[in-house]
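Engineer:
In our numbering, the protein residues as written are 335 to 641.
(1) Here's a check: name, in chain order, each residue in its chain whose Cβ is nearer than 8 Å to the Cβ of residue 570, leaving out the five neighbours to either side.
(2) Apart from the five residues just before and just after residue 398, which ones in its own chain have a Cβ nearer than 6 Å to its Cβ?
(3) Can you have a look at residue 622 and say buried or exposed, based on whether 16 or more other CB atoms are within 10 angstroms of its CB?
(4) Can you give the beta carbon distance from residue 547 to residue 553, rounded, assuming they're within the 8 Å contact cut?
(5) Thinking residue 365 and residue 374 are a contact (beta carbons under 8 Å), I'd like their distance in whole angstroms, please.
(6) If you pair each beta-carbon of the region 483-502 with each one of the region 600-611, do three or more pairs fall below 8 Å?
(7) Which one of 415, 377, 390, 389 has the shortest CA to CA distance from residue 401?
(8) To test your reading of the DSSP string, which unbroken alpha helix (DSSP H) runs of 4 or more residues are found completely within the region 571-609?
(9) For residue 461 and residue 433, what's the separation of their Cα atoms in angstroms?
(10) Residue 342: buried (16+ other C-beta within 10 angstroms of its C-beta) or exposed?
(11) Alpha helix (DSSP H) containing residue 497: first to last residue?
(12) Between which residues of its own chain and residue 590 is the CB-CB distance below 7 Å, once the five residues before and five after are set aside?
(13) For the region 386-460, list the alpha helix (DSSP H) runs that are entirely contained and at least 4 residues long, ordered along the chain.
(14) Got a sec: is the Cβ-Cβ distance from residue 550 to anything in chain B below 7 Å?
(15) According to DSSP, is residue 357 part of a helix, a strand, or is it coil?
(16) Residue 518 and residue 595 look like a contact to me (Cβ under 8 Å); what is the Cβ gap, rounded to whole Å?
(17) If you check the beta carbons only, do residue 579 and residue 503 fall under 7 Å apart?
(18) Cα separation between residue 478 and residue 573?
(19) Thinking residue 353 and residue 392 are a contact (beta carbons under 8 Å), I'd like their distance in whole angstroms, please.
(20) Please identify the residue among 540, 613, 549, 379 whose C-alpha is closest to the C-alpha of residue 560.
(21) Within the same chain, show all residues whose beta-carbon is closer than 7 Å to that of residue 348, passing over the 5 residues directly before and after it, in chain order.
(22) Find out if the Cβ-Cβ distance for the pair residue 625, residue 450 is shorter than 7 Å.
(23) Measure the C-alpha to C-alpha separation of residue 628 and residue 339 and round it to an integer number of angstroms.
(24) Find the nearest neighbour of residue 527 within the set 613, 512, 538, judged by alpha-carbon distance.
(25) Starting from residue 515 and walking both ways along the beta strand (DSSP E), at which residues does that stretch end?
(26) Who pairs with residue 547 in a beta bridge, going by DSSP?
(27) Under 7 Å, do residue 430 and residue 418 count as touching if we go by C-beta distance?
(28) If we count the other Cβ atoms within 10 Å of its Cβ and call it buried at 16 or more, is residue 390 buried or exposed?
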């Protein structure tokens with residue numbers, strides 16, 4: 335292994351995608367002859383031909399295709415380690431968590447993030463994930479955890495922290511026929527075209543966001559999907575749509591062209607959770623869960639901590 339160069343492996347992986355020496359050289363920023371040298375060097379070290387070359391085509395050999403399949407995950411993992419090390423060096427921390435989230439991040443959450451960095455030397459890399467794909471990033475290992483709406487019934491996932499439940503409200507345009515009321519009954523949802531998240535979320539999760547029927551069994555119409563909360567608010571303000579939202583969002587997304595109405599008879603509140611893969615639980619994740627619990631407990635008692 336000490337004779338196999340990382341550059342040779344990288345070259346083969348790019349060539350496997352391009353199947354063209356010129357395009358491979360362009361991506362790697364080197365000459366075509368250098369690409370040939372790197373591939374030939376790797377073939378000598380492995381002891382088998384990995385690439386079949388003719389004047390008209392380039393293709394992986396049977397051994398080359400198998401080698402690429404086996405080596406790609408290891409190469410990508412090594413690349414990720416190097417990138418994370420570089421990012422930790424820039425931030426001055428010893429470890430890092432990648433957190434995906436929907437919508438906005440509460441002040442209690444950002445304070446927990448700050449304490450994790452200051453007191454435990456763990457940096458946070460935050461990214462907004464598609465509204466209708468709450469679990470994909472964490473299941474595929476692209477995020478260490480996600481802050482998303484519950485429920486979670488995936489066997490591979492664990493809920494490390496449950497945020498306080500929040501009321502759900504109906505967002506409608508300020509000129510909508512329902513906008514004059516402070517509250518509406520849940521059965522009136524059948525009169526609104528309710529926006530739904532688009533993505534690969536499980537059916538049970540989608541049904542929790544937009545129930546298929548009212549408690550009385552009347553179908554709830556939902557003809558239009560959205561990818562972000564802001565997209566949903568724009569559609570609500572501009573058209574006849576409604577959108578079910580949690581109360582904290584209404585406090586952070588106040589706008590004159592949208593009204594937020596209480597919904598009587600809607601049994602299930604909105605609740606976020608910090609979700610991670612059971613097989614990838616770490617002290618960083620459990621520490622973050624503990625800090626979140628402390629922050630929301632202090633908020634409940636009217637306290638704020640910034641130490």
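Every residue, glycine too, gets a C-beta built ideally from N, C-alpha and C.
Structural biologist: A quick look at the data gives this:
(1) Answer for residue 570: 505, 506, 507, 529, 576, 577, 592, listed in chain order.
(2) 384, 385
(3) buried
(4) 5 Å
(5) Contact flag wrong, Cβ pair sits at about 14 Å.
(6) yes
(7) 377
(8) 581-586
(9) 6 Å
(10) Around the beta carbon of residue 342, 16 or more other beta carbons sit within 10 angstroms, so the residue counts as buried.
(11) Where residue 497 is concerned, there is no enclosing alpha helix (DSSP H), given that its DSSP letter is neither H nor E.
(12) 508
(13) 396-425, 441-454
(14) Within the model displayed, chain B is absent; a lone protein chain is all it includes.
(15) helix
(16) Between residue 518 and residue 595 a beta carbon distance of about 5 Å is seen, short of the 8 Å cut, so the two are scored as contacting.
(17) yes
(18) Distance between the alpha carbons of residue 478 and residue 573: 38 Å.
(19) 5 Å
(20) 540
(21) The residues are 358, 361, 362.
(22) For residue 625 and residue 450, yes; Cβs fall inside 7 Å.
(23) 48 Å
(24) 512
(25) It is not in any beta strand (DSSP E) - residue 515 carries neither H nor E in the DSSP assignment.
(26) 553
(27) yes
(28) exposed
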